[in-house]
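Below is one structure; the comments refer to it alone.
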Ligand code: M6R
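In the UniProt record's numbering, the protein residues as written are 246 to 610.
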């Protein structure tokens, strides 16, 4: 039931504050990750884990890419991420004591399942799935499952599944971090941030009218570029996937530092460039990348917070986001990108919930 919404996708975007709450429910106190957050069996597996291999497809792959930034920076253990369709068909090597993690909304994606089956013979210590569908194949065939508890996702474009995957992966990062020298104070800060996150997501959703206006600049375009740095690069990727998937506009994402290695040649006035630019360590670098784009006549749409100090100017439109801590940025900044692609698709009159050529669950190769 879509309720008051025109499309499932919009309903699911609006559900995200609650979905984050549900994912935290029963797993955290106000300041700590609960010991049994992932069940009794998880303890032994996490105790042994010295390295991580993440496998997924599409949006779930982007969640895995964000998790890599978190796991390596907060838990200090090596984390590799790969798309399932590549991993399953190549000769791979598992690091000693590594945990094999799949991420999937449906739990039925053929390539991801095949990668899990392959991994069983490769010497991983255990397998874990971050999944939204109880009883799905990935849940049944993995040693451990962290359920994202987002409820059924109907729109083909994945939205609430992504934010719940990120929430669950942040909790997993804490569980791993604890075993690798993360101090209590850091854990406390992250948990407090996660508990506050649903309210911030509500604030981001409240920017919907402004984003709808912004979407008009995209409807007639054929190409677009999405930029980010650090853990915001996977968010640029996910934003570009949303746009291409439902609006059929070609969208490419780049880590902003790569611009001068090629894509800068594409930039002209017909190329809208979306940038996720929260205030963080990489902002100054990102800003100089944006100047490179502006100098070539590109039209910039920048999602930034007050502290980022990016101002509207000729060829540059800013959408002011609520401020949040660095670690929460990926979860918060995907919201406006979801809304943007939604409104562009509506303007173009595409079938938002059922985009052409795509299926919700890719159970065949
Ligand atoms: O069910 P899964 O998470 O395994 O699905 C993976 C991809 O097929 C999926 O995320 C796809 O990319 C979405 N349609 C993107 O919005």
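Cβ atoms here follow ideal geometry from the backbone N, Cα and C, with glycine treated the same way.
Contact between residue 567 and residue 405 is ruled out by a C-beta separation of about 19 Å, above the 8 Å threshold. Going by beta carbons, residue 512 and residue 543 fall inside the 9 Å limit. Nearest to residue 260 by C-alpha distance, out of 538, 464, 403 and 526, is 403. For residue 588, the enclosing alpha helix (DSSP H) stretches over residues 574-593. In the three-state scheme derived from DSSP, where H, G and I count as helix and E and B as strand, residue 527 is classed as coil.
In the DSSP assignment, residue 359 falls within the unbroken alpha helix (DSSP H) covering 355-364. Within the UniProt domain "SIS" (287-427), the runs of beta strand (DSSP E) that reach at least 3 residues and sit entirely inside it are, in chain order, 296-301, 324-328, 343-349, 371-376 and 389-392.
Cα atoms of residue 304 and residue 586: separation of roughly 14 Å, rounded to the nearest angstrom. In terms of CA proximity to residue 263, 412 leads the group 412, 595, 307 and 590. By the Cβ neighbour-count rule, residue 608 is exposed, with fewer than 16 other Cβ atoms within 10 Å of its own. In the DSSP annotation of this structure, the continuous segment of the alpha helix (DSSP H) that includes residue 442 starts and ends at 429-450. By DSSP's assignment, residue 499 forms a beta bridge with 472. Per DSSP, residue 255 is one residue of the alpha helix (DSSP H) stretching across 253-259.
Separation of residue 548 and residue 396 (C-alpha to C-alpha, rounded to the nearest whole angstrom) is 28 Å. Counting of Cβ neighbours within 10 angstroms places residue 495 among the exposed residues, the total staying below 16. Boundaries of the alpha helix (DSSP H) around residue 483: 478-492. Checking the DSSP bridge columns, you'll see residue 546 partnered with 519 and 562. Excluding residues up to 5 positions away in sequence, 420, 421 and 424 lie with their Cβ nearer than 7 Å to the Cβ of residue 291 in the same chain. Not one heavy atom of the ligand M6R sits closer than 8 Å to the Cβ of residue 386. DSSP places residue 511 within a helical segment (H, G or I) once states are collapsed to three.
Fewer than three pairs of CB atoms, one per stretch, sit closer than 8 Å, so the segment 435-443 makes no contact with the segment 381-388. Here the alpha carbons of residue 347 and residue 361 stand approximately 7 Å from one another. Relative to the ligand M6R, residue 405 has its C-beta separated by 8 Å or more from all heavy atoms.
For residue 456, the closest C-alpha among the options 536, 498 and 592 is that of 592. Here residue 333 is buried, its C-beta having at least 16 other C-beta atoms within 10 Å.
With respect to the 9 Å criterion, residue 312 and residue 324 are classified as neighbours on the basis of their beta carbons. Under the DSSP definition of a beta bridge, residue 278 partners with 273. Of the residues assessed, residue 530 falls on the exposed side of the cut-off, its CB having fewer than 16 other CB atoms within 10 angstroms.
One Cα belongs to residue 522, the other to residue 579, and the distance between them is close to 12 Å. Relative to the Cα of residue 466, the nearest Cα in the group 266, 443, 590 and 364 belongs to 590.
Here the alpha carbons of residue 342 and residue 546 stand approximately 44 Å from one another.
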